[in-house]
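Residue numbers (numbering that gives the first Met the number 0), protein chains in the order written: chain A, 0 to 234; chain B, 0 to 288. Backbone N, C-alpha and C fix where the C-beta goes; we use that ideal spot for every residue, glycine too. Keep in mind that this is a model prediction, so the values were computed, not measured. Scroll down for the structure; my scribbles are underneath it.
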Amino acid sequence: MTAALEMDGVEAVYGDFQALFGVSMTVGEGQAVAIIGANGAGKSTLLRAVMGQVKLRAGSITHRGADLSGVATHQRARDGLALVPEGRRLFPSLTVEENLEIGANSGRSGPWTVSRVVELFPLIEKLLGRPADVLSGGEKQAVAIGRALMSNPDVVLLDEVSLGLAPAVVQDVYRGIAEIRDQGTTVVVVEQDITLALKIADYVYCMLEGRVSLSGAPTDLDHDAVTEAYFGVSA
Amino acid sequence: MTWVNAIVQGILNGGLYALFATGLSLAFGVMRFVNLAHGDLAVLSGYLVLSWAGLFGDNYWVTMVFVAAVMAGVGYLAQRVMFNRTLGDDPLPGILASFGLAIVIQNVLLEHYSATDKIIPLGDIVVRSIRITDQIAIGWYPLLILVVAVAVLAALQIFLSFTRLGRAFRATADDPSTAQLMGINYRHLYGIAMAISFAAVALAGFFNGARTPFTPLTGGLLLLFAFEAVVIGGLGSLWGTLLGGIVLGVAQSMGNQVSVGSGILVGHLVFLAVLLLRPRGLLGSEARS
């Protein structure tokens with residue numbers, strides 16, 4: 000079976016600073032994969048590299064068997080990759096509804112529409128006419144996820160979705176992510192919160208200083224090994 | 000009454016300044032790009048109308064539409080081939096590239112048309128007017144320019160607010176990198192923005208060229224007026240551009256009322272005053288973070 004996403008020996012640099020050192024990961028079709036790790040481990044860089052927003056110095060990334068090197072970011076979005084970026088990055092001069100609709104700009108057909116997104120996150124319904132910059136953090140996150148779904152992607156990458164959100168809101172957001180996974184969409188979650196990540200994922204990669212330090216199914220990972228892989232010191 | 004007349008004439012002149020400024024404002028609003036060749040493109044369009052009118056039986060109005068369409072194509076190509084390569088956090092490469100383009104246009108025009116001044120002969124519409132009172136008359140031609148400027152701005156507003164492409168323009172202006180995640184090819188989109196900008200400045204160059212004689216070196220002053228209108232109105236604000244054009248026009252005609260020939264100076268002084276007291280312009284919003 001072809002993987003939804005395959006990273007092989009990925010290396011990336013920002014100027015003089017090397018952020019990724021030979022990272023390899025495989026994400027199967029319909030799988031939910033969590034990438035955990037501390038701040039600065041290279042998780043967000045990896046997602047940005049998948050979207051073509053960070054150039055690779057070495058290695059390759061393939062999406063459903065197709066090599067992504069030389070493919071522009073907007074084309075990757077049209078090909079079915081969607082990123083919910085860190086910090087949500089809604090468009091402030093667009094209304095919530097326009098923010099959702101612009102997600103459909105890629106022109107891909109599928110089940111996701113504004114009303115389907117409202118079903119997934121009912122709190123959005125009363126916000127549709129509002130400018131996107133007046134929403135709370137949780138509301139923005141729901142809209143950002145909805146906007147990514149509007150492109151009817153086959154792989155959704157979510158970067159630090161729980162960061163800065165109240166626990167009750169995080170639960171709501173993760174309930175939505177679980178629903179997306181259950182509908183067969185491949186989900187890659189970057190998360191600093193280990194407990195949340197282990198709960199939703201079929202497979203977990205832990206990153207430390209730009210490398211994969213541990214990987215496995217959540218049931219196969221023991222607590223001490225995860226702590227060591229996460230922080231770089233033994234528990 | 001003479002003051003009322005000065006204000007009326009100033010508002011009418013403001014229409015032309017707004018038309019000049021529209022393209023500059025759009026390019027800045029969408030791409031944060033300052034095109035220093037803007038005035039020279041207006042002059043180039045004026046010359047093209049003169050040169051190509053023969054193809055359309057000396058109908059200058061039809062030639063104008065053709066030239067605006069050609070300039071739109073040139074604008075798209077200029078953005079894709081040249082200006083897109085200068086994009087980045089540093090605005091200097093774009094400013095330098097457009098400055099270079101301005102010099103090239105000026106010299107090609109000098110070479111081809113010489114420095115003798117030219118005017119587009121539109122006939123007596125340019126001088127006809129409606130007499131309101133003994134001291135106030137509204138010229139048909141400035142009124143037409145004002146109407147065209149308002150129509151162009153309204154069309155742009157409708158395009159930006161209500162079309163799918165317009166929404167992509169606004170999203171890209173907000174955050175070009177996230178806009179790409181929506182499948183928006185910003186290089187193509189910037190090309191379309193520049194095409195609209197070039198077409199608008201071609202219209203302005205035509206209307207100006209039928210009213211005031213121009214030479215290959217007129218572009219610098221036209222750029223200055225457009226720039227002043229954009230800054231007075233508020234960077235990147237469409238309707239601010241109209242307001243800025245009108246404020247500049249009124250300032251100039253009031254200045255001329257006080258002392259003939261001091262209009263342009265008074266316009267510059269108002270521009271400086273706005274920069275000092277309200278640097279974001281009259282209708283400008285907070286700068287993008």
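For residue i, which residues from the same chain have a beta carbon less than 6 angstroms from its beta carbon, with the 5 sequence-adjacent residues on both sides left out?
i, result
"residue 286(B)", "Low confidence applies here, because residue 286(B) scores a pLDDT of 45, under 50, leaving its location unreliable and the question unanswered by this model."
"residue 197(A)", "217"
"residue 266(B)", "247, 250 and 251"
"residue 231(A)", "207"
"residue 151(A)", "107, 109 and 111"
"residue 269(B)", "250"
"residue 102(A)", "146, 149 and 150"
"residue 218(B)", "38, 39 and 42"
For residue i, count the other beta carbons within 10 Å of its own beta carbon; 16 or more makes it buried, fewer makes it exposed. Which is it?
i, result
"residue 170(A)", "exposed"
"residue 58(B)", "exposed"
"residue 130(B)", "exposed"
"residue 66(B)", "buried"
"residue 182(A)", "exposed"
"residue 146(A)", "buried"
"residue 226(B)", "buried"
"residue 115(B)", "exposed"
"residue 289(B)", "Any question about residue 289(B) goes unanswered here, given that chain B covers just 0 to 288."
"residue 134(B)", "exposed"
"residue 69(A)", "exposed"
"residue 123(B)", "exposed"
"residue 154(A)", "buried"
"residue 106(A)", "exposed"
"residue 125(A)", "exposed"
"residue 224(B)", "buried"
"residue 1(A)", "exposed"
"residue 215(B)", "buried"
"residue 223(A)", "exposed"
"residue 200(B)", "buried"
"residue 62(B)", "buried"
CB-CB under 7 angstroms to residue i, same chain, minus the five flanking residues each way: which ones, in chain order?
i, result
"residue 288(B)", "Because residue 288(B) carries a pLDDT of 34, less than 50, the predicted location of this residue cannot be relied on, and the following value inherits that uncertainty. Excluding positions up to five away in sequence, the list is empty."
"residue 87(A)", "139, 140 and 143"
"residue 121(B)", "59 and 209"
"residue 276(B)", "none"
What do you reckon, are the CB atoms on residue i and residue j nearer than 8 angstroms?
i, j, result
"residue 209(B)", "residue 125(B)", "yes"
"residue 235(A)", "residue 48(A)", "Limits of chain A in this structure are 0 at one end and 234 at the other, which puts residue 235(A) out of reach."
"residue 235(B)", "residue 24(B)", "yes"
"residue 20(B)", "residue 162(B)", "no"
"residue 85(A)", "residue 159(A)", "yes"
"residue 96(A)", "residue 119(A)", "no"
"residue 189(B)", "residue 30(B)", "yes"
"residue 53(A)", "residue 61(A)", "no"
With distances taken from CA atoms, which of the options is nearest residue i?
i, options, result
"residue 193(A)", "105(A), 209(A), 217(A) and 155(A)", "217(A)"
"residue 115(A)", "129(A), 99(A), 106(A) and 208(A)", "99(A)"
"residue 174(B)", "39(A), 201(A) and 91(A)", "91(A)"
"residue 73(B)", "55(B), 217(B), 49(B) and 100(B)", "100(B)"
"residue 24(A)", "8(A), 12(A) and 172(A)", "8(A)"
"residue 33(B)", "213(B), 255(B) and 229(B)", "229(B)"
"residue 199(A)", "152(A), 129(A), 180(A) and 166(A)", "180(A)"
"residue 15(B)", "217(B), 140(B) and 105(B)", "140(B)"
"residue 274(B)", "193(B), 7(B), 91(B) and 232(B)", "232(B)"
"residue 12(B)", "187(B), 61(B), 132(B) and 243(B)", "243(B)"
"residue 4(A)", "165(A), 26(A) and 134(A)", "26(A)"
"residue 142(B)", "89(B), 206(B) and 102(B)", "206(B)"
"residue 105(B)", "1(B), 213(B), 90(B) and 186(B)", "213(B)"
"residue 174(A)", "121(A), 67(A) and 16(A)", "121(A)"
"residue 187(B)", "94(B), 81(B), 260(B) and 147(B)", "81(B)"
"residue 1(B)", "283(B), 278(B), 257(B) and 279(B)", "257(B)"
"residue 214(A)", "205(A), 17(A) and 172(A)", "205(A)"
"residue 144(B)", "55(B), 6(B) and 202(B)", "202(B)"
"residue 319(A)", "136(A), 220(A) and 67(A)", "Past the boundaries of the shown model lies residue 319(A); chain A is included only from 0 to 234, so the question cannot be answered."
Starting from the C-beta of residue i, find all residues in its chain whose C-beta is less than 8 angstroms away, skip the five residues before and the five after it, and write them out in chain order.
i, result
"residue 50(A)", "72, 75, 76, 80, 82 and 156"
"residue 9(B)", "245, 248, 249, 250, 251, 252 and 253"
"residue 38(A)", "191"
"residue 21(A)", "8, 9, 10, 57, 58 and 210"
"residue 327(B)", "Since the first residue shown for chain B is 0 and the last is 288, residue 327(B) is missing from the structure and cannot be characterised."
"residue 68(B)", "198"
Counting only Cβ pairs nearer than 8 angstroms, list the residues of chain D close to residue i.
i, result
"residue 83(B)", "Within the model displayed, chain D is absent; protein chains A and B are what it includes."
Quiz item: Taking contact to mean at least 3 C-beta pairs separated by less than 8 angstroms, is the stretch 150-169 of chain B in contact with the stretch 108-115 of chain B?
Solution: no
Quiz item: Any chance the stretch 182-192 of chain A sits against the stretch 27-34 of chain A, with 3 or more Cβ pairs inside 8 angstroms?
Solution: yes
Quiz prompt | Touch test, the stretch 111-128 of chain A against the stretch 75-92 of chain A, Cβ-Cβ under 8 angstroms, three pairs minimum | solution = no
Practice problem: Report yes or no: do three or more beta-carbon pairs, one from the stretch 177-186 of chain B and one from the stretch 33-43 of chain B, lie closer than 8 angstroms? | Solution: no
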